[in-house]
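In this text, residue positions in the sequence shown follow the numbering used here: the first is 17, and each later residue adds one.
Ideal placement from N, C-alpha and C gives every residue a C-beta, glycine not left out.
The next block holds one structure in the form of structure tokens; read it before the comments.
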Amino acid sequence: MHPVAGFSQTTRADSLLAKLQKFEKEKKSMGRSFPKMRDTLKADMLSSLAIYYSHNNPQKALAYTNEQMALSEKIGYKFGIANACEMLAFVNEYEGRYEKALEQLIRARGLYMEIGSKGHAINVDNGIGVQYAKQGIYSEALKYLFRALAESKKENDYWGIMSTCNNIGLVYTKHKDYDRALKYYLESLTIQLKHKENRAIPYTYMNMGEIYGRKKMNDLSSKYFKLGIESAKVAGDSIALANNYCGLGILRIKQQQYTDAEALLLKAKGIMEGVGDRGGLFTVYLSLADVEAKKGNSQTALAYNNHALEIVKQSGELDMYRQVYNQFSEIYAGMGNYKAAYDNHVLYKKFNDSLFNAENQQKLTEQRMNFEFKAVQDKKDHEARAALERQKTIRNATAGGVVVAALSGFIFLMRRQHRSNAKKLKAYNKLQDKLARKNLEAQALQVEKENIELKNNLMLKEKEQELLEKETLQEKLDFNRRELASATLYLYQKNELLSALKAEIDAVSQGDASPQQISRIKSTIQQNLYMDADWDKFKLHFEQVHPDFFKELTEKHPGLTAYEVRLCAYLHLKLSTKEIAALLNITPASVTKAKVRLNKKLNRTDVEETEPEMVKMD
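Here it is as structure tokens:
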């Protein structure tokens, strides 16, 4: 919705400010002799400044609007008051306060009708339709918008036709009727291009880009967002530029082009932070969090999502809360922090249920309004028919006065006809009431059916979440079991090593130690020191690929040493003798001997220098 002012929307701000300063100087020099009518000119200039800044600096626009409202009320300038109401409605819509925006527009329409400004009243009808659409009351929205469109075409008002077609497209988009939405967007765009309405063009390109994105026609979606970016630069409209950057960035996320998506979203973020566009920043922060999470930058993703949460706390919108907590849940799940993921999922479900109830209440409100509107129309039709019947009776009775002899018979016939018509009318009204009740009951049943379907979908998603949590817990349990088995094997082999060393030391203590005995003890200690330093790291990575290898190996051959188990693992990886020698810090010849000993220990009759048969598992 774009308010209409007394000056062109393309008027440069510096020119307007210069005129305003000149105006103030003249007023100061003339004092009380300054004409009151000139104050209306100042109000119009303030309105034009507000409209100019509405696309780049909403807070500055609000300041000029408040000044215009105060001046217009002081001098009793009804057009200025109505104009300020339109701009206040625009600001309230920008801040997400749709009910307040609707109140301001209704006041503006009343003032325009009072002063006989039909064109401006049509524009306000357009705005009222938009506010009803923002609240989800689509039937009322379309009623006002189609009325505005018909009046604009009657007046041959191209601006009214253009803006109304664009808003009808928005309503059909909300209703997910994308083909009808595109039809009205194209009609609006044709007028915009013909009359070079550069301020409106980038927004229409953006709307069409969003629709093609929802229809999964990504090439067309990308094309229109790029056209929106270029046209926004031409118009000098920073908000339109940021919104098109954001739309294209979200499309790139869907296409998994995360680097491009991040660059586009950061451009949108810089602009929106500059103009204080909180609604746009919410979408940008949420999208950046999604990008960072998909790139594996969980902490950055959490930081962006926290920025989005701060904006939500200021607006309090249920849908925004729902989106933020759903994003938190997904980020924490990706980090493996399932408790935090679950806690945020609970919050997401809470706001999702609240939103579900609010939407159902909104549907019931719309149905009630439609029913009440129909009841009023039925009453008017009934009164019109009754008046027509009365006119017929009077006319016929008057005409019957010409012939006195036929008067009695004529009156008798008319009364009988009247009674018959009254009965028919009563039956007709009764049938209409019955049909209206049936229609309302059918609508209520449809809403109930939709509620049940939504609840079933929620239950299905909860079951899927529970299954995912169970699978995660099972994987963790299996991993812990493997860790326990490995630790048990390690302790067992350590005890075996200590027993062997004790036996060697006892043998040495009973006599002179031979060099071979000392060498064996050193070799045993060296091998186990090496295994202690690297075993845990190797085992962790190996078991991720071959989870049951060590379990099956120790079950079949419990007498293997830690050194032999490690050798089996290397052989299972099909490492060459030279590679194994480098890993164990021994010579290739020692590896060959170790293979031979291992084959014997595994009860192999063919003592070949190849991989032992039993390690060929998986």
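To the nearest angstrom, how far is it from the Cα of residue i to the Cα of residue j?
i    : j    : result
K390 : T180 : Here the model assigns K390 a pLDDT of 47, short of 50, so the residue's position is not dependable, and the following value carries that caveat. Rounded to the nearest angstrom, the two C-alpha atoms are 25 Å apart.
Y174 : I184 : 15 Å
E130 : E213 : 30 Å
A458 : L451 : 10 Å
Q560 : L600 : 22 Å
G292 : P74  : 8 Å
Y219 : G352 : 41 Å
Y93  : L87  : 8 Å
Q272 : L461 : 41 Å
C584 : L569 : 9 Å
Y228 : K199 : 13 Å
L118 : F106 : 10 Å
L313 : K283 : Looking at the sequence shown, residue 313 is not Leu but Asn. Taking the straight line from one Cα to the other gives about 20 Å.
A305 : S155 : 36 Å
D522 : Y354 : 54 Å
E89  : E83  : 10 Å
K242 : N260 : 7 Å
D276 : K210 : 33 Å
Q448 : I97  : 44 Å
A349 : V328 : 22 Å
L489 : F565 : 22 Å
N368 : D335 : 7 Å
V592 : R582 : For the sequence presented, residue 592 should be read as Ser rather than Val. Answer to the nearest angstrom: the Cα atoms are 14 Å apart.
E308 : T577 : 47 Å
N108 : S64  : 18 Å
Q147 : E111 : 13 Å
K471 : G252 : 47 Å
G176 : Q330 : 34 Å
L514 : L614 : 21 Å
A605 : Q532 : 19 Å
If you follow the alpha helix (DSSP H) that residue i is in, where does it begin and where does it stop?
i    : result
Y228 : 217-230
S238 : 234-251
D276 : 274-291
I91  : 74-91
I153 : I153 -> no alpha helix (DSSP H), and no H or E assigned at all.
R123 : 114-131
Q208 : 194-211
L618 : Counting along the chain, L618 falls outside any alpha helix (DSSP H), and DSSP gives it neither H nor E.
S179 : 174-190
S254 : 254-270
E111 : Where E111 is concerned, there is no enclosing alpha helix (DSSP H), given that its DSSP letter is neither H nor E.
Once you ignore the five residues that flank residue i on each side, which residues in its own chain have a CB closer than 7 Å to its CB?
i    : result
A149 : A157, L186, V187, K190
M178 : S204, I207, Q208, E213, A216
L517 : I537, T540
V250 : N214
L236 : Y228
G265 : A277, L280, L281, A284, S303
Y194 : I227, R230, K231
T361 : The sequence shown places His at residue 361, not Thr. Excluding residues within five positions, the ones whose Cβ falls inside 7 Å are S345, Q481.
Excluding the 5 residues preceding and the 5 following residue i in the sequence, name in chain order all residues of the same chain whose CB lies nearer than 6 Å to its CB.
i    : result
Q151 : Y114
N473 : none
R125 : A137, V140
K285 : V300
Y586 : I596
A324 : F298, Y301, L302, V340
K311 : Y274
A443 : none
K465 : none
A77  : A66, Y69, S70
S133 : none
V657 : Lying outside 17 to 634, the shown extent of the chain, residue 657 is not represented and no answer is given.
Quick one: what's got a C-beta closer than 8 Å to residue i's C-beta in the same chain, skipping five residues either side?
i    : result
E485 : Y354, Y358
N321 : Y301, L302, A305, V340, Q343, F344, I347
Checklist entry - Which ranges does the beta strand (DSSP E) cover as unbroken runs of at least 3 residues, wholly within the segment 302-373, from first to last along the chain? => result none
Checklist entry - At what residue ranges does the segment 532-606 contain a whole run of the alpha helix (DSSP H), taking only runs of 4 or more? => result 565-572, 578-588, 593-600
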